[in-house]
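Chemist:
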Amino acid sequence: MKKQKKQNLALLCDFYEFTMAQGYFLKKLENELCYFEVFFRKVPDNASFAIFAGLESVLEFIENLHFDKEDIEFLRKQEIFCEEFLEYLSRFKFMGTIYSMNEGEIIFPNEPLMIIKANPIEAQLLETFLLLNINHQSLITTKANRIKRVAQKALVFEFGARRAHGSQAAINGARSAYIAGFDGTSCTLSAKIYNIKAIGTMAHSWIQMFDNEYEAFINYLKLYPNQPILLIDTYDVKKGLLNAINAFKSLNITKGAVRLDSGDLLNLSKFIRKELDLAGLKECKIIASNSLDEFIIKDLVSNNAPIDAYGVGERLITAKSDPVFGCVYKLVAIQENEDIKPKIKISENSQKTIYPHLKKLYRIYDKNSNKALYDKLLIYNEKIIIKKEYYAKELLNLVFKNGKRVKEKKDLEEIRSYLAQGLKTLDSKFLALKSKTKYKLKFSNKLLKIKNSLIK
């Protein structure tokens with residue numbers, strides 16, 4: 001059987017990126033340098049922070065970015081691109097420089113997540129792929145971490161593949177959830193690719209295939225006696241629980257679990273826990289699923305629901321409560337000989353007026369508590385000045401230099417651990433699901449003066 005060729009994603013651009021790229025080419029700007037910035041304006045769900053994810057997908061794409069003969073031929077058929085430009089694309093390789101936050105970094109609005117220094121053609125052709133990956137993976141990672149935090153000591157599993165918006169969203173969504181602290185995924189391919197624990201129970205169809213529920217449970221337990229999970233709400237939860245208890249006891253299985261996928265999760269879980277304990281199955285766990293999110297789980301936890309694990313699917317994988325992350329990609333400066341000239345985009349909506357220029361970003365910490373106090377944005381050639389009882393960490397790191405990747409691929413466990421450590425530096429007031437207190441982003445006086453002068 002012929003092996004399927006891996007799809008080249010070079011044409012995964014908005015079409016205007018190619019029309020502008022040809023314009024830059026014809027205006028002989030392919031040897032000029034400019035600076036683009038990736039940032040977002042609003043944290044989903046009115047929270048105080050988000051989490052940066054998707055960097056590895058972006059770096060892998062840029063490393064391999066090229067146009068096949070089929071891509072060039074498709075563009076030729078559009079009958080608006082000249083042969084000189086198509087020849088340029090046939091030899092295309094990204095030769096720019098990129099600075100980025102670490103994947104798993106805690107992020108706030110109006111901060112540069114990535115800075116791209118390249119000629120305008122190279123920079124423009126990255127826009128769509130950068131945004132679609134960072135927007136999606138940051139959105140799901142942020143949502144998943146909210147869910148994991150409210151679940152407290154309970155395990156949380158990602159169950160969203162069947163509701164994901166496409167196969168890649170399912171694969172990357174499971175990865176994002178794991179970075180955020182989830183304990184496993186039902187997506188087998190993601191488990192394989194990223195070495196995540198694969199978790200699965202059974203569907204109602206397994207029970208329906210047998211003459212009765214007890215027989216279905218017995219057959220399943222004989223096949224999978226090691227910590228099995230029985231789904232008990234196919235017909236009636238209380239009868240399903242009784243059948244599960246009898247099946248566990250008949251085969252002398254004490255370390256299993258029951259899963260509840262519908263109904264009043266709070267009261268049913270309390271009833272289930274009581275009955276399991278009375279039956280001597282105190283080590284048997286309770287798993288809950290059924291359209292869960294951080295708000296429902298928080299309510300269950302605050303009311304002492306005896307649930308040991310949650311399977312979270314559609315409301316995580318689609319970020320249902322606030323499904324748009326909103327990263328944008330804006331030109332902030334151009335190179336003129338030895339000088340960097342700031343550029344601004346102005347809007348009648350003041351929130352959409354960008355902060356111009358090539359910038360540096362620092363996070364300021366208290367030396368005694370190691371808590372993050374505020375972030376500060378400065379012009380690239382400014383020096384940070386802070387109090388002696390504070391220390392600063394620069395957040396943007398070199399990841400690509402002159403077309404070559406300089407940042408090694410990080411293990412998923414490293415990214416997950418990096419986020420966990422970062423969360424410890426946040427004051428507890430920023431961890432609320434809906435925080436009234438916003439983290440401070442400060443701007444240097446020089447940056448503000450430049451912005452105001454450009455607006456005027």
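Residue numbers (my numbering): 1 to 456.
We treat Cβ as the ideally placed atom computed from N, Cα and C, and that holds for glycine.
Rounded to whole angstroms, how far is the Cβ of His357 from the Cβ of Ile455, which I believe are closer than 8 angstroms?
Modeler: Not quite, the Cβ-Cβ distance comes to about 13 angstroms (not below 8 angstroms), so this is no contact.
Chemist: Taking Cβ positions, are Ser515 and Leu396 nearer each other than 9 angstroms?
Modeler: Lying before the first or after the last residue shown, residue 515 is absent from the chain, which here runs from 1 to 456.
Chemist: Out of curiosity, what's the CA-to-CA distance linking Val150 and Lys434?
Modeler: Going by the C-alpha atoms only, they are around 12 angstroms apart.
Chemist: Comparing the CB of Lys282 with every heavy atom of the ligand NAP, is any distance shorter than 8 angstroms?
Modeler: This structure lacks the ligand NAP, and indeed carries no ligand of any kind.
Chemist: For Phe36, list the residues DSSP reports as bridge partners.
Modeler: In the DSSP output, where bridge partners are listed per residue, Phe36 has Ile116 and Leu331.
Chemist: So, helix, strand or coil for Thr185, using DSSP?
Modeler: Reduced to three states, the DSSP call for Thr185 is strand.
Chemist: Which residue comes first and which comes last in the alpha helix (DSSP H) that contains Thr142?
Modeler: Counting along the chain, the alpha helix (DSSP H) containing Thr142 begins and ends at Glu127 to Ala151.
Chemist: How would you write the range of the beta strand (DSSP E) that Thr97 sits in, first residue to last?
Modeler: Element bounds for Thr97: Thr97 to Ser100.
Chemist: Could you say if the region 116 to 124 and the region 19 to 31 meet the contact criterion of at least three C-beta pairs nearer than 8 angstroms?
Modeler: The answer is yes - the region 19 to 31 touches the region 116 to 124, with three or more Cβ pairs under 8 angstroms.
Chemist: What does the Cβ neighbour count give for Pro225, buried or exposed, with the cut at 16 atoms within 10 Å?
Modeler: So Pro225 ends up on the exposed side.
Chemist: Mapping DSSP to helix, strand and coil, what is Lys451?
Modeler: Helix, per DSSP.
Chemist: Assuming Lys410 contacts Val399 (C-beta within less than 8 angstroms), just tell me the rounded distance between them.
Modeler: Rounded, the Cβ-Cβ distance is 11 angstroms, inconsistent with contact.
Chemist: Following the continuous beta strand (DSSP E) through Lys340, name the residue where it begins and the one where it ends.
Modeler: Note that residue 340 is Ile in the sequence shown here, rather than Lys. Segment Asp339 to Pro342, the beta strand (DSSP E) holding Ile340.
Chemist: Please specify which runs of the alpha helix (DSSP H), each continuous and at least 4 residues long, are wholly inside the region 241 to 315, giving them in chain order.
Modeler: Taking only runs of at least 4 residues, the alpha helix (DSSP H) segments lying wholly in the region 241 to 315 are 265 to 278 and 294 to 302.
Chemist: Let me check understanding here. Comparing Cα to Cα, which of Phe94, Gly96, Asn110 and Arg76 lies closest to Glu87?
Modeler: If we check each option's Cα against that of Glu87, Arg76 comes out closest.
Chemist: Are Asp183 and Phe157 closer than 9 angstroms when you measure CB to CB?
Modeler: Yes. Within cutoff.
Chemist: Would the region 419 to 437 and the region 303 to 316 be scored as touching if the rule is three or more Cβ pairs under 8 angstroms?
Modeler: Taking 8 angstroms as the limit for Cβ pairs, the verdict is that the region 303 to 316 does not touch the region 419 to 437.
Chemist: Who are the near neighbours of Ala174 in its chain, counting only those whose CB is closer than 6 angstroms to its CB and skipping five residues on each side?
Modeler: Within the same chain, Ala174 has close Cβ partners Glu158, Thr185, Cys187 and Ser190.
Chemist: Only counting the same chain, and skipping five residues up and downstream in sequence, which positions put a Cβ closer than 6 angstroms to that of Asn46?
Modeler: The answer, listed in chain order, is Lys434.
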